[in-house]
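Working notes, structure below.
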Amino acid sequence: MKESDKKFWLYIEPDVYCNIKDNKLFLYKTKNNTVIENTSSEIISLIQSLYEKHNLGAVYFDGENLKNTIFSDFIDEFCRKQMGNIVDTRFVTKKPIQLMPVLNLQHDIEKNKDSVGEGILSYLTEVNLYINQVCLVNCHFCNDYYRQNLCCTKKNEKDEISSVNTLKKLLEQIKYSPVSKLNILGGNILQHPYIKNFIPALSDFKEFTYLWIHYKNIVIHKGDFYDFKYVIPVTFPIDKTSFTNCISLMKDKQVSYHFFITNKNEYHQLEQLTTENEIKDYKISPFYTKNNQAFFEENIYLNKEDIFVERIPFRKIFAHQKLNTISFGSLTIMPDGNVYANVNSPVIGNIKTDSILCLIDKEMRINTAWRKIRNKKPCNDCSYQYLCPSPSNYELAIGKPNLCHVKP
Ligand code: SF4
Ligand code: SF4
11 MKESDKKFWL YIEPDVYCNI KDNKLFLYKT KNNTVIENTS SEIISLIQSL
61 YEKHNLGAVY FDGENLKNTI FSDFIDEFCR KQMGNIVDTR FVTKKPIQLM
111 PVLNLQHDIE KNKDSVGEGI LSYLTEVNLY INQVCLVNCH FCNDYYRQNL
161 CCTKKNEKDE ISSVNTLKKL LEQIKYSPVS KLNILGGNIL QHPYIKNFIP
211 ALSDFKEFTY LWIHYKNIVI HKGDFYDFKY VIPVTFPIDK TSFTNCISLM
261 KDKQVSYHFF ITNKNEYHQL EQLTTENEIK DYKISPFYTK NNQAFFEENI
311 YLNKEDIFVE RIPFRKIFAH QKLNTISFGS LTIMPDGNVY ANVNSPVIGN
361 IKTDSILCLI DKEMRINTAW RKIRNKKPCN DCSYQYLCPS PSNYELAIGK
411 PNLCHVKP
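Residues in the sequence shown are numbered from 11 upward in steps of one, following this note's numbering.
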């Protein structure tokens, strides 16, 4: 019997993400990272019918259609990429049923955003506490590094400092939260007048506390360092002597180096430094200076291939539809007590007067940052809208809604 004489059930696998925009079909198999794109109106109608509620991911498909290459080529690719299958109705008499995934985050943000409850504390995963803004180093971009990636800053250079009481009050409130990172930053935190009282207060949170001290401040301080985890920002130009001194002073500590680079030459320098000094734990944070657009376009902007360089789980695609996966769960507290869901967004309250629960609740309601998603042009016209990473601080620094070559 010829295929065209047969009758089939056509079904789609539940791990396939589907997006139809501008008469373009985009299918993404989340389990094997494969893609189908098709612009034929017949194919779009066929796939749309699979998603009609009563069809439950399966429809009757007449083999006669396979005489048409539009259908036969598509079905061939669809089955080959394991996005679904066609089965002969003589052998499978009952229509198959597929349980299609629905957006149902563990805590549905939209549903919960109007109700205050202790449960919302579970959203909090990271706290960045700036305890002072005094520092003797003079990095050229001190006022801006921290706006793109976490870094020390003396932007306001006010005398304002966080008190030990503020810290204790904060720790009391987050002790039963899932916070897995408590970053302590300055200025130079070692210049905080009560640093010796701060550190013991943190001892119960040692596992997830990170002390941020610029490599030049490590060298200025020279003395004994507390037994904590350290993050060491490294900005360019690098003073090689200070940097190697810093490595030697911190050799027995748990340290991660964060390099802020603005061009290719700095990238090569950091490669050399990390190799020469056998630095294994480091992170590279590109920094937008307003004059290195070409560097960003070449190295940071996404191409279509970059989007699919790693498999994207369904859970991530769903998360991108509801929340900003970069900012969500993080609060930043400045030395004056002002609290931000993102340092580029308006202040949401003050730790001296507002509880952490109230601050989370407020952010959930007014959404200064945690729920900023790709729902604006040109991303909302793009097939890859929720596969791309959430909008980041780079978009804000560069002043563009998307950093990609797909829809420039
Ligand atoms: S070390 Fe940090 S706080 Fe000091 S000038 Fe540099 S970026 Fe600013
Ligand atoms: S336009 Fe937006 S959604 Fe589309 S690829 Fe670019 S960044 Fe991603």
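Here a beta-carbon is modelled for each residue, glycine too, at the ideal position from N, C-alpha and C.
The region 70-105 contains, as complete beta strand (DSSP E) runs of 3+ residues, the segments 94-98 (chain order). As DSSP reads the structure, Gly359 sits in a beta bridge with Val349. In the DSSP assignment, Val174 falls outside any beta strand (DSSP E) and lies within the alpha helix (DSSP H) extending over 174-184.
A direct Cα-Cα distance of roughly 10 Å separates His202 from Leu195. As DSSP reads the structure, Cys414 sits in a beta bridge with Leu312.
Per the coordinates, the alpha-carbon of Pro106 lies some 7 Å from the alpha-carbon of Tyr21. Burial check for Gly359: the Cβ neighbour count within 10 Å reaches 16 or more, so the residue is buried. Pairing Ile171 with Asn198 gives a Cβ-Cβ distance that is not under 8 Å. Only exposed fits Val319, as fewer than 16 other CB atoms lie within 10 angstroms of its CB.
Taking the C-beta atoms as reference points, Phe18 is found nearer than 8 Å to Ile96. Secondary structure at Lys17: strand, using DSSP grouped into helix, strand and coil.
Between Asp15 and Gly94, the gap from beta carbon to beta carbon reaches 8 Å or more. In the three-state reduction of the DSSP assignment, Gln303 falls in the helix class, which pools H, G and I. In the three-state scheme derived from DSSP, where H, G and I count as helix and E and B as strand, Ser51 is classed as helix. Annotation for Leu259: Ile228, Val229, Lys232, Phe235 place their beta carbon closer than 8 Å to its own, counting only its chain and skipping 5 residues before and after. Apart from sequence neighbours up to five positions away, the residues of its chain that approach Ile184 with a beta-carbon distance below 7 Å are Leu134, Val137, Ile366, ordered along the chain. These are the residues, in chain order, with a beta carbon less than 7 Å from any non-hydrogen atom of ligand 1: Cys145, Val147, Asn148, Cys149, Cys152, Tyr155, Cys161, Cys162, Thr163, Lys164, Gly196, Gly197, Asn198, His224, Lys226, Asn227, Pro243, Thr245.
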